[in-house]
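Here's the structure, in structure tokens; my notes come after.
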Amino acid sequence: MRVVHYLNQFFGGLGGEEQAGMLLEIREGAIGPGKRLEQLLGSETQVALTLICGDNYAVEHQDELIASALEKIRAAGADLFIAGPCFLAGRYGVAAGALCKAVQSQLEIPAITAMARENPGADLYRESLYIIDSGESAAKMDEVLARLACFARKVSFNQEIASPAEDGYIPRGLIRDQFVEKTAAERLVDMVIAKAKGQPLESEMVPATFERIPMPPRVKDLKRAKLMLVTDGGLVPKGNPDKIQGAAATRWGSYSIKDCDDLKGEHYEISHGGYDPQFVRQDPDRLVPLDVVRELEKEGMIGKLCDEFISTSGLANPLSNTRRMGREIADKAKRLGIDAIILTST
Amino acid sequence: MALALALHPITNLIFGDKHRLDGNLLTVDVNELRRMVLEDNAFDSVEFEIVRPGESCRAGPIFDIVEPRAKAPGGSPDWPGILGLPHTAGFGTTHVLQGTAITMLREQSPGESRGVTGYVLEMSGEAGSASCYSKLWHLIVIPHTKPTTPRHTRHKAYRMAQLRVAVRLAQIARDVAPADSQILDNFIDAERAALIRVAYVGQIFSRQRKPEPEEQIIYGANTDGMLPTLLHPNEWLDGAITTSYHTSIGGAETYFYQNNPIVAELYRRHQRGELNFVGTVVTIAAADNLDRERNTQFAAHLVKWALRAEAAVLTKFGGGVPHSDLAETARLLERDGIKTAVQVTDLARDHRVESALLFNFPEIDAIVCIGGNGTRWKLPRVERVLAANGGMAEILAGPFEIDSLNVAGVANQQGASRLRSVVY
């Protein structure tokens with residue numbers, strides 16, 4: 045097995061911070077920690093090339109680094125790419141993560157790195173890669189290399205990857221399916237007995253934690269405010285012109301309500317499973333409250349209603365979609381000078 | 004309240020001119036069953052097919068799967084509230100044609116999130132071996148209702164025909180000595196006083212969809228106006244609950260109410276002296292917050308004060324929103340010192356942990372997660388395709404790709420699933 049190994053200038057033995065600007069350099073064979081790594085990977089494995097790059101150059105010229113590194117790795121006929129271990133070195137971790145991701149997707153060979161959980165590279169690349177948890181201390185180099193080598197062999201030989209705790213990688217935050225011997229009922233009763241007895245148990249899912257979103261400041265003067273209506277209840281014009289999916293929607297649409305005081309069921313449809321849409325079909329104002337907002341507008345209680353309303357489907361929508369769509373919708377609202385939004389859900 | 008299951012294992016199912024049970028061989032008189040089904044004038048005609056375990060066969064879309072069972076005289080009634088008055092289920096003797104199922108097809112795909120194929124019975128190959136149902140002998144009932152039949156009438160006709168066929172067949176076992184029998188009773192005596200008291204809280208419907216007027220879910224009622232209530236474990240097993248007409252969306256079939264894996268597992272541990280199975284609460288997921296508050300408060304209250312449980316297992320029905328009802332009930336129980344474990348489905352279509360659950364209460368930390376979003380199969384062509392019309396047969400002929408959630412008996416929400424999510 046042929047391995048290409050990436051190191052920063054420091055671990056590559058080419059200097060400290062004063063060399064952080066150095067361009068990518070190539071060395072035949074193993075260098076520094078790569079020598080031990082080569083031993084640990086076993087007798088049929090050799091580190092064919094070592095790539096060494098300055099930390100600043102790697103981060104500031106990431107695209108150039110990746111392009112030339114990919115070319116070298118391809119030319120070397122590598123079966124495996126390893127970067128680091130990087131421990132807490134942030135620029136090193138980011139470069140190692142970026143290189144591994146590029147190698148994995150473009151060369152389709154395994155690419156593995158190691159760094160501390162607190163390394164910014166871990167945050168950026170933990171989802172895309174297996175990153176061995178190195179801890180913070182470079183004094184543990186030998187032990188980390190041993191775990192890295194062991195895991196790299198496992199991946200190279202297509203062995204089943206165990207849990208993050210067992211295999212020592214940073215949890216990727218992903219889910220895969222597995223068929224198991226015990227039925228869900230047996231697992232469930234096992235769990236409740238363990239919990240009641242205060243024994244350890246392995247939950248099959250972990251609740252995510254979310255940052256608190258602070259309450260936005262109040263609208264200063266509603267009488268002058270420009271208001272927009274947004275819904276995730278899937279109300280779309282007949283024919284669903286933007287083809288907004290009824291579940292896990294990846295798109296949202298913006299629809300004119302200029303000169304309209306009341307939404308009519310015959311002009312709209314619902315692209316949203318999971319709730320009973322018959323009442324909205326009868327009268328879409330039940331979901332997008334145009335009729336009452338127009339009254340408020342006429343009474344002068346709000347300044348002006350935006351000429352378009354925005355709609356998507358919230359059903360079974362992963363956060364990766366909704367975050368992006370939320371950002372896009374907020375950008376649009378900002379561009380239009382919107383002061384306040386009424387967001388209706390189902 | 005004791006229920007005796009008289010078990011008649013079946014290892015061969017054939018058509019013949021008279022219903023007979025000879026040892027493990029079950030002979031079915033199709034003409035008699037046809038006459039019985041056609042008494043309901045919603046039907047134009049009906050076909051019956053036998054499918055054997057592991058056969059290169061695919062059938063769909065599935066309406067429901069039912070185990071043929073019949074009550075011996077003197078016990079509770081067959082399917083109370085559906086085939087007779089809604090009197091309490093769950094006592095006396097029930098004859099079971101074990102290893103078989105009456106499987107009713109529907110004429111149209113239920114649509115929505117189930118795609119064009121609907122919910123499929125797959126008997127062979129990789130997908131088949133992942134399904135609990137591929138190990139059974141199926142008597143497939145293929146309905147042809149009159150085109151003018153309203154949807155809700157058609158669904159009810161499917162339900163009635165299926166249960167009548169199932170009971171009729173199992174009745175022939177009433178005069179036959181069973182190969183084995185099982186007594187189910189959750190008595191608690193003085194010696195068991197120290198064991199932990201465990202309850203089961205199960206959702207049987209989600210009001211995300213308004214049930215059809217005559218949709219039969221609990222003792223023949225459609226859950227309109229229903230509050231959580233106590234059920235004896237035997238009621239689950241013996242005909243109190245039938246699944247929603249939209250089986251696939253719930254991930255629940257009547258077969259696994261009759262063979263409820265959670266009730267069975269709690270009984271098993273009860274009988275082994277590991278716990279006290281103190282009873283069950285049956286509940287529904289709400290369509291709005293007021294109902295959700297009311298239901299979850301009632302369910303938790305029953306577990307605490309009526310069952311005096313110290314621990315509870317909870318399951319949900321259907322899709323996303325029922326997570327909230329389940330989690331809120333568990334949160335209330337934990338608040339009152341009752342330890343919980345919950346069973347959920349994986350909602351993360353992007354395979355990310357952050358999207359998997361609709362709750363994040365730290366005290367709900369014992370979670371069984373039925374996966375499914377990461378499992379798809381390419382179904383090959385099979386030798387036999389059973390469907391109610393040519394169009395559907397053509398779609399089901401394959402090859403096509405299918406989500407595990409659309410194969411009956413894989414990502415089951417009643418506790419039968421051997422699929423799980425693994426976080427990595």
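Respectively, the protein sequence lines represent chains V and Z. Going by our numbering, the first residue of the first sequence is number 45, and it counts up by one from there. Going by our numbering, the first residue of the second sequence is number 4, and it counts up by one from there. A virtual CB, placed ideally from N, CA and C, is assigned to each residue, including glycine. Just so we're clear, the structure is a prediction, and the values are computed from it rather than from any experiment.
What separation, rounded to the nearest whole angstrom, lies between the Cα atoms of residue i and residue j?
i	j	result
L151/V	I398/Z	38 Å
F125/V	K348/V	59 Å
M272/V	V410/Z	43 Å
T152/Z	A169/Z	23 Å
F131/V	A74/V	20 Å
A289/Z	N363/Z	19 Å
P333/V	E331/Z	30 Å
V356/Z	L363/V	10 Å
K342/Z	T14/Z	42 Å
E215/Z	N225/Z	7 Å
N392/Z	E110/Z	7 Å
S116/Z	A291/V	Per-residue confidence for S116/Z stands at a pLDDT of 48, beneath the threshold of 50, marking its modelled position as unreliable; the derived number appears in the next sentence. One C-alpha to the other measures close to 8 Å.
A384/V	I405/Z	44 Å
A173/Z	T366/V	52 Å
Q219/Z	Y248/Z	8 Å
S358/Z	D349/Z	9 Å
A182/Z	A9/Z	8 Å
S87/V	K241/V	49 Å
Name the residue from the options whose alpha carbon lies nearest to the alpha carbon of residue i.
i	options	result
Y122/Z	L389/Z, V54/Z, E218/Z	L389/Z
H90/Z	T96/Z, T318/Z, P236/Z, P80/Z	P80/Z
A182/V	A133/V, I175/V, V224/V, V147/V	A133/V
T354/V	L340/V, A374/V, K342/V	According to the sequence as given, residue 354/V is Ile; it is not Thr. Nearest C-alpha to I354/V: A374/V.
P83/Z	H273/Z, N415/Z, L240/Z	L240/Z
A255/Z	H22/Z, Q416/Z, L28/Z, P64/Z	Q416/Z
I65/Z	L108/Z, I405/Z, R210/Z	L108/Z
S315/V	Q90/V, T390/V, I153/V, F55/V	T390/V
K270/V	Q106/V, A377/V, R256/V, M45/V	A377/V
A175/V	L192/V, K184/V, D186/V	At residue 175/V the sequence reads Ile, which differs from the Ala that was named. Looking at the Cα atoms, L192/V is the closest of the given residues.
V337/V	D351/V, Q326/V, R325/V, V324/V	D351/V
K184/V	V236/V, I346/V, P129/V	P129/V
A314/Z	L336/Z, L36/Z, G228/Z	L336/Z
A104/Z	L16/Z, G87/Z, S48/Z	L16/Z
Can you give me the start and stop residues for the beta strand (DSSP E) that residue i sits inside?
i	result
S112/V	Element bounds for S112/V: not the beta strand (DSSP E) but the alpha helix (DSSP H), 106-119.
L24/Z	23-25
E313/Z	Taken as a continuous stretch (DSSP letters only), E313/Z belongs to no beta strand (DSSP E), as it is neither H nor E.
P325/Z	That residue, P325/Z, is in no beta strand (DSSP E); its alpha helix (DSSP H) goes 325-338.
Y213/V	Here Y213/V belongs to no beta strand (DSSP E), and DSSP marks it neither H nor E.
S364/V	Not the beta strand (DSSP E): S364/V falls in the alpha helix (DSSP H), residues 363-379.
Q53/V	Neither: Q53/V is in no beta strand (DSSP E) and is coded neither H nor E.
Q222/V	219-223
K74/Z	72-74
Does the distance from the C-beta atom of residue i to that of residue j stay below 7 Å?
i	j	result
L143/V	A113/V	yes
T106/Z	K74/Z	no
T246/Z	T232/Z	no
N279/Z	R195/Z	yes
V33/Z	Q165/Z	no
L317/Z	I373/Z	no
S127/Z	G57/Z	yes
G418/Z	P264/Z	yes
A102/V	L109/V	yes
A196/V	I156/V	yes
K145/V	S172/V	yes
S407/Z	P325/Z	no
H158/Z	L100/Z	no
A403/V	L245/V	The structure shown has nothing for residue 403/V, since chain V only spans 45 to 390.
A130/Z	W380/Z	yes
Considering residue i, what are the terminal residues of the alpha helix (DSSP H) in which it resides?
i	result
C194/V	185-200
E69/V	Careful: E69/V lies outside any alpha helix (DSSP H), inside the beta strand (DSSP E) at 69-72.
V250/V	Unbroken run through V250/V: none, as it is neither H nor E.
In chain B, what lies closer than 8 Å to residue i by C-beta?
i	result
H354/Z	The structure shown has no chain B; the protein chains it does contain are V and Z.
Fill in: Segments assigned alpha helix (DSSP H), at least 4 residues, entirely inside the stretch 91-164 of chain Z
128-132
(Q) Suppose only complete runs of 4+ residues qualify. What are the alpha helix (DSSP H) ranges in the stretch 294-356 of chain V, listed by chain order? (A) 322-326, 334-343
Task: Length at least 3, wholly inside the stretch 343-397 of chain Z: the beta strand (DSSP E) runs in chain order - done: 370-373, 379-382, 387-389
(message) Please give me, in chain order, every unbroken run of the beta strand (DSSP E) with length at least 3 that falls completely inside the stretch 229-291 of chain Z.
(response) 232-234, 279-288
Practice task
With a floor of 3 residues, list each beta strand (DSSP E) that falls wholly inside the stretch 187-213 of chain Z, ordered by position along the chain.
Solution key: 200-209
key: Every unbroken beta strand (DSSP E) inside the stretch 30-92 of chain Z [3 residues or more]   = 46-54, 60-62, 65-69, 72-74
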